[in-house]
Every structure is written in structure tokens, then in C-alpha cells.
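Novice: For the sequence shown, counting from 1, position 527 maps to 527 in our numbering; every step adds exactly one. Even for Gly, the Cβ is constructed at its ideal location relative to N, Cα and C. In this text, all values refer to a predicted model and were calculated from it rather than measured experimentally.
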Amino acid sequence: MSTIEEKRHTLAHLLARAVLEHFPHTQSTIGPVIDNGFYYDFDFSRGNAPGQADLPKIEKTMRELLSTWTQVVGTEVSQKDARDRFKENSFKLELIDDIASKGEKITLYTAGDFTDLCRGGHADNPAHDISPDSFSLDRIAGAYWRGDEKNKMLTRIYGLAFDTNEELSAYSARREEAKKRDHRKIGRELDLFTFSDLIGSGLPLWTPKGAIMRHELDRYVWELREKHGYQRVTIPHISKKDLYETSGHWDKFSNELFRINTREDKEYALKPMNCPHHTQIFARKPHSYKEMPQRYAETTMVYRDEQSGELGGLTRVLSITQDDSHVFCRHNQVHDEFFKIWDIIDTFYNTFGFALRVRLSFHNPQEPEKYIGSSEIWRDAEDALRSIAKERNADYFEASGEAAMYGPKLDFMATDSLGREHQVATIQLDMNLPERFDLTCTNEKGEKERVVMIHCAVMGSIERFSAVMLEHTAGNLPTWLSPVQTRVLPISEKYDYYAQEVLKALADAHVRADIDDANESLGKKIRSAKTEKIPYVLVVGEREASDKTVSVESRDNGKLGALSLTDFIIKIDEEIRLRK
Ligand SMILES: [Zn+2]
Ligand SMILES: [Zn+2]
């Protein structure tokens with residue numbers, strides 16, 4: 001049986017052949033395999049070009065031809081023979097000369113009546129191996145020849161291909177679902193954030209509801225941190241250039257730095273990260289080994305000057321809120337501190353139902369010039385991280401060459417409800433900044449000892465995490481995180497007094513609630529509460545008012561019927577407290 005890559009590759013040939021059937025004037029160029037299928041680039045400039053509406057007929061031709069492709073046969077040819085064969089196709093001629101100039105073999109592959117220049121890797125018997133309903137043509141796009149904008153613009157036709165029709169359908173359904181869950185769309189529906197042309201792209205503004213969500217996320221991370229001895233610090237958002245010259249960011253971040261010139265001609269910058277500022281809090285006084293580690297944390301914005309073409313929604317922004325922390329500790333404390341942070345990360349991501357996988361990003365010993373610090377320090381640090389991963393029975397893998405210049409790190413990948421993997425938290429061990437800022441503690445022998453730093457942001461950035469989480473939950477935020485946790489709906493004005501009584505009881509219990517007393521039908525109000533994804537709707541009328549009950553409709557579990565107001569409050573309070 002053939003591999004999926006071989007099938008996709010063969011389908012790219014089949015696409016080229018089918019396009020020629022309908023557009024004989026076309027010049028086919030190259031057609032590689034991609035993650036979900038394949039594509040092929042064509043030059044149609046000698047005649048008509050196909051549109052999206054032509055894809056079904058090309059697809060139909062592919063299926064007809066497929067049954068005649070029972071083998072794919074390769075032959076090696078000379079440069080001259082290859083050039084003769086493709087003399088009408090300037091793109092193939094360029095490829096042939098390229099291959100020849102590298103001294104590589106030139107091979108042609110033939111299936112049915114179609115021959116293409118190719119390195120090989122096809123299905124043995126396409127008619128047998130490839131199921132005719134396992135692929136479909138997807139879309140048309142423009143692409144430059146060889147990806148270079150100085151070259152000619154070609155037409156790219158994309159195809160989707162999987163082993164079976166079921167996999168193809170599942171993929172298409174997942175993609176549709178992802179579109180529906182776009183966090184920009186959900187953000188509008190839930191009224192969480194907005195952008196203003198006057199302020200600029202990449203600078204999200206958080207609405208009252210969005211601010212509640214951010215605050216709740218941050219409060220949760222704080223709760224987890226406090227158990228492990230983290231302390232709050234606060235720093236200004238700008239600094240003299242000197243700080244970033246010492247830290248090395250003035251050079252490393254030069255393009256992304258927002259610079260400020262003062263009226264006294266001094267150079268300042270908006271902070272692109274918090275670590276350099278935090279080192280100066282640690283450095284304010286000498287520390288005995290008894291005071292180590294020092295754990296500083298702060299949720300604060302950093303600013304990076306990204307190119308405007310790269311900005312979109314919350315995933316790429318200029319003002320980034322980091323839930324940042326820096327632990328200053330001794331080498332022999334690294335293991336315990338990593339362990340604690342890992343606990344925080346596990347608890348936090350488990351709450352949302354994300355599965356986590358961990359990459360141990362190590363240095364490449366073959367390229368010592370890329371890293372700072374002795375090989376013993378690196379070995380010890382990496383051994384420590386590996387042993388933690390083993391001790392925790394984590395789903396982990398090692399990646400050589402992925403370390404930061406200044407130390408190894410743990411990169412966490414979260415798989416969301418659509419099966420997509422996102423890089424989320426990282427824990428970084430840093431042996432560089434303590435060196436640059438000369439950070440020490442006094443050890444048991446009364447000597448100065450170099451400390452190390454551990455950087456960690458649990459959410460990474462609140463903006464990016466919110467985007468991932470909104471798409472993961474499709475906007476159905478857990479109750480503890482919902483800006484409005486309960487909506488009270490009086491069935492008529494007559495029961496407004498009781499609705500107010502319910503609202504007051506909820507407020508006293510710290511449940512975020514509101515009343516919809518608009519002049520609309522009950523059905524319409526229930527629908528709008530659903531659009532806003534409010535976890536609970538409480539309908540109140542005559543019976544509820546006289547029995548002191550509420551008729552509960554849950555977003556996730558449907559109608560729960562009448563509950564006494566007290567019982568409902570006990571139930572929702574527990575759900576919020578335990579972050580269910
Ligand atoms: Zn091929
Ligand atoms: Zn840092």
C-alpha cells in the first residue's frame with residue numbers, strides 16, 4: 001500500500017494532466033505535497049485561466065483518468081532528451097538545467113499518457129491505491145514562480161487528499177468549524193474587545209466584559225502562584241537606553257523596539273520585555289543564600305513594533321500583556337523551581353481541558369559558538385530538565401538546537417478541541433542576564449555566588465491565550481470566566497420586583513448577573529442570551545415569585561427546571577469557586 005505522501009504526490013501529477021485536458025495551452029510548473037493534500041502551479045498566460053467554478057469539472061476528469069493509471073514508470077534521461085521533451089515549457093527547461101548543473105540525475109515519470117519531470121515517490125498502482133472519493137480540489141490562488149515576487153505570477157490549484165473519504169470529510173468539517181470559531185468573530189459576539197482606526201491596528205481595546213475575562217484569567221494564575229511563594233512587583237513601562245544596552249536587547253531587539261527621544265535629547269524605549277527591569281529589583285540589595293529564591297511576578301504590557309502586515313486579531317499585537325515571572329535562584333534550586341512552575345502550568349491548562357505536550361529545547365553541542373556558558377553548566381541544566389520531565393511522567397520529546405542562546409527551556413504545546421496544537425507556556429532557564437547584570441547571592445561560605453534566572457509566563461500573553469481559548473471553547477466560557485454568569489428574565493413587567501430581588505441575592509453572593517427587561521418576547525430574550533453564551537438564564541414569573549424559586553435554563557445542559565433561589569446560588573457558587 002502507498003503512503004499518504006505518495007498518494008498526494010501522484011494526485012498532483014493527475015491534476016496537471018486533467019488541467020491540460022481542459023486548458024491545453026497551459027504550462028505546468030511544479031506540484032508539491034502539503035500538509036492536507038497537494039497543489040500544482042500553472043501558467044495560463046497563453047489562453048484562458050480556470051476559475052473556482054471550473055474545479056468540479058477538472059476534478060471529474062481526474063477521477064476518470066485515475067482508473068487508467070495502473071502504474072507509474074520512471075526513466076533516467078539525458079539533459080538533451082529532457083530539454084527536447086519539454087521544449088515548449090520554459091519553466092521545465094529552467095528546472096532541467098538546474099538539476100543538470102547540480103550534477104543530479106534527470107528522471108521522467110509516466111502514468112497513463114502523461115509524463116512529467118519528477119524525482120519520484122508515487123503510488124505503485126494509483127488506480128488501486130487511491131480511493132476516488134478521498135480527494136477534492138479546494139481553491140485557486142496566485143503564487144510567484146519559485147516564490148520570488150520578481151518572477152511571473154502563476155495560478156496555484158490546491159487539492160485536499162486523505163487516505164479515505166471519511167478523513168477528507170472530517171478534515172473539511174473541522175475547517176468549517178474553525179472558521180465559525182474564529183476568535184475575532186466570537187470577540188464581537190461576546191463584546192470582549194475592539195479596535196479603533198484612531199488608535200491603530202495591533203492595539204486591542206478591552207471592553208468592560210473583556211476586562212472581566214482578563215481579570216479572571218489573571219486572578220487564577222495569581223492564585224496558583226501565591227501558593228508557591230511568588231511576590232508581586234511593579235515596574236514602569238519605559239526605561240533609559242542604558243538598561244537595554246546592558247541586557248543586550250538594544251541590539252537584539254533593535255527593529256522591534258519603540259524608541260522615545262526626550263526633550264532633553266535622552267533616548268528611552270518602551271519595554272519589549274520585563275526581565276531587565278526585574279533584575280534591578282533583585283539587585284537593589286545583597287541577598288543571603290537564606291533568602292533565595294526570590295520570585296517576582298507581574299502582569300503587565302510589553303510593546304513590540306511588528307510590521308503592520310503581520311497584525312491580526314489578538315494573535316499578533318503591538319501591546320502584549322504578559323503574565324510574567326522571574327525566579328532568581330541558585331543552580332541547585334532549579335529543579336524544585338521548575339517543578340513548581342510546571343505544577344502551575346498543568347493545573348491552569350487542565351482547567352480548560354487542553355492536553356499538553358512538552359518540548360525539551362536543548363542546545364546543539366555541535367555548535368557551541370551559538371550559546372553562552374560552559375558545557376558543564378549546560379549539561380547540568382539539561383539533565384535537570386530531563387529528570388523533571390521523567391519524574392512527572394510527562395508527554396515530552398527532546399529537540400536539539402532549540403534552546404535559547406542563554407539556556408535550555410521547556411516549551412509547552414496545547415492541543416485544542418479541534419485537534420490543533422498551539423505553543424503556549426515556556427519556562428526558560430537563563431544563565432546570561434545574571435552574568436550581564438552581575439547578579440549574585442552570598443553562599444554558605446560567605447562568598448559571592450552567581451545566580452540563575454528562570455523566566456515563565458503561564459498564559460504567555462493574555463491576548464494570544466484568549467484567542468486560543470475562545471476558539472477552543474467556541475466562546476462557551478466556563479462560568480467562572482463568563483463576564484455575565486447569569487441572566488434574569490422576568491416574563492412580564494409585573495414580576496420585575498421579583499427579578500430585582502433575585503438580582504440582589506446573586507450580587508450578594510458575588511455572582512455576576514444582569515436583567516433583560518427589554519420589551520421583547522421571552523423567546524427572543526432567551527435566544528439573545530444564547531448568542532451571548534451566558535451560562536445560566538433564570539426565568540421568573542408568578543409561581544417563581546410566590547415560591548421564591550427560579551426556572552433555570554443552562555447553556556450546557558438545557559432546562560434544569562425550578563430550583564429554590566438558595567439552591568441555585570449554592571450550585572453556581574460551587575461551580576465558580578471550583579472553576580468547573
Ligand atoms: Zn512525481
Ligand atoms: Zn523574562
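For Leu298, write down the residues that DSSP places opposite it in a beta bridge.
Specialist: Reading off the sequence, residue 298 comes out as Glu, not Leu. Glu298 pairs with Asp324.
Novice: Ligand 1 and Cys329: does the residue's C-beta get closer than 6 Å to at least one heavy atom of that ligand?
Specialist: Checking the Cβ of Cys329 against ligand 1 gives no.
Novice: Have a look at Leu257, Ile4, Phe339 and Pro56 and flag the residue whose alpha-carbon is nearest the alpha-carbon of Arg386.
Specialist: For the residues Leu257, Ile4, Phe339 and Pro56, the minimum Cα distance to Arg386 belongs to Phe339.
Novice: Let's see if you can read the secondary structure: which residues bound the beta strand (DSSP E) around Tyr230?
Specialist: Neither: Tyr230 is in no beta strand (DSSP E) and is coded neither H nor E.
Novice: If you measure from each residue's Cβ to the nearest non-hydrogen atom of ligand 2, which ones come out under 5 Å, in chain order?
Specialist: The answer, residue by residue, is Cys275 and His455.
Novice: Rounded to whole angstroms, what is the Cα-Cα separation between Asp517 and Leu481?
Specialist: So the alpha carbons of these two residues sit roughly 24 Å apart.
Novice: State the Cα-Cα distance for the pair Arg63 and Ile388, rounded to the nearest angstrom.
Specialist: Roughly 53 Å separates the two Cα atoms.
Novice: Quick one: what's Lys409 bridged to in DSSP?
Specialist: Answer is Ser361 and Gln428.
Novice: Distance check for Trp250 and Asp129, CA to CA, integer angstroms please.
Specialist: Asp129 and Trp250: Cα-Cα distance of roughly 57 Å.
Novice: Do the segment 458-474 and the segment 179-193 make contact, defined as three or more Cβ pairs closer than 8 Å?
Specialist: Contact holds: three or more Cβ-Cβ distances are below 8 Å.
Novice: Suppose you measure from the CA of Gly475 to the CA of Ala403; what does that come to, to the nearest Å?
Specialist: Taking the straight line joining both Cα atoms gives about 35 Å.
Novice: Taking 6 Å as the line, does the beta carbon of Tyr371 fall inside it for any heavy atom of ligand 1?
Specialist: Checking every heavy atom of ligand 1 against the Cβ of Tyr371, none is found closer than 6 Å.
Novice: Would you say the beta carbon of Tyr109 is closer than 6 Å to some non-hydrogen atom of ligand 1?
Specialist: Checking every heavy atom of ligand 1 against the Cβ of Tyr109, one is found closer than 6 Å.
Novice: Run through DSSP, which three-state label would His455 get?
Specialist: Residue state, collapsed to three classes: strand.
Novice: Would you call Lys525 buried or exposed, if buried means 16 or more other Cβ atoms sit within 10 Å of its Cβ?
Specialist: With 16 or more Cβ atoms within 10 Å of its Cβ, Lys525 is classed as buried.
Novice: Roughly how many angstroms lie between the CA atoms of Thr110 and Ser374, to the nearest whole one?
Specialist: Rounded to the nearest angstrom, the two C-alpha atoms are 56 Å apart.
Novice: Would you kindly report the start and end of the unbroken alpha helix (DSSP H) that includes Lys180?
Specialist: Element bounds for Lys180: Asn165 to Lys180.
Novice: Kindly indicate which three-state DSSP category Cys329 falls into: helix, strand or coil?
Specialist: Correct three-state label for Cys329: strand.
Novice: By the DSSP assignment, the alpha helix (DSSP H) with Tyr498 in it spans what residues?
Specialist: From DSSP, the alpha helix (DSSP H) with Tyr498 extends over Asp496 to Asp508.
Novice: So what does DSSP say about Gln79, is it helix, strand or coil?
Specialist: DSSP places Gln79 in helix when its eight states are reduced to three.
Novice: Does the structure place the segment 424-441 close enough to the segment 278-287 that three or more beta carbon pairs sit under 8 Å?
Specialist: Output reads yes: the segment 424-441 touches the segment 278-287.
Novice: Can you tell me the Cα-Cα spacing of Glu104 and Asp81, whole angstroms?
Specialist: C-alpha separation (whole angstroms): 15 Å.
Novice: Relative to the alpha-carbon of Ala173, which residue among Gly419, Gly147, Ile454 and Cys441 has its alpha-carbon at the smallest distance?
Specialist: For Ala173, the nearest C-alpha among the options comes from Gly419.
Novice: Just tell me which of Glu166, Gly313 and Met459 has its CA closest to the CA of Phe348.
Specialist: Of the listed residues, the one whose Cα sits closest to Phe348 is Met459.
Novice: What residues in its chain sit with their C-beta under 6 Å from that of His422, if we drop five residues either side in the sequence?
Specialist: For His422, where only same-chain residues beyond five positions count, the Cβ hits under 6 Å are Ala414 and Val468.
Novice: So, for Glu463: in the same chain, excluding its five sequence neighbours on each side, which residues have a beta-carbon less than 7 Å away from its beta-carbon?
Specialist: These residues qualify, in order along the chain: Pro204, Leu314, Val317, Ile320 and Thr321.
Novice: Near Asp163, which residues of its chain fall below 7 Å by C-beta distance, leaving aside the five closest residues on each side in sequence?
Specialist: So the qualifying residues of the chain are Ile4 and Ser134.
Novice: Considering only DSSP beta bridges, list what Asn261 is partnered with.
Specialist: Answer by DSSP bridge pairing, in chain order: Glu267.
Novice: Give me whichever residues DSSP pairs with Lys448 in a beta bridge.
Specialist: Paired residues: Thr442.
Novice: Going by alpha carbons, who is nearest to Leu154 out of Ser28, Arg512, His335 and Arg175?
Specialist: Minimum Cα distance to Leu154 is reached at Ser28.
Novice: What is the DSSP secondary structure of Thr70, reduced to helix, strand or coil?
Specialist: Note: Thr70 maps to coil in three-state DSSP.
Novice: Around the Cβ of Ser361, are there at least 16 other Cβ atoms within 10 angstroms (buried) or fewer (exposed)?
Specialist: It counts as buried.
Novice: In this structure, how does DSSP classify Ile140 when only helix, strand and coil are distinguished?
Specialist: It is a strand residue.
Novice: Could you name the residues of the same chain whose beta carbon sits closer than 8 Å to that of Asn255, not counting the 5 residues immediately before and after it, in chain order?
Specialist: Answer for Asn255: Asp305, listed in chain order.
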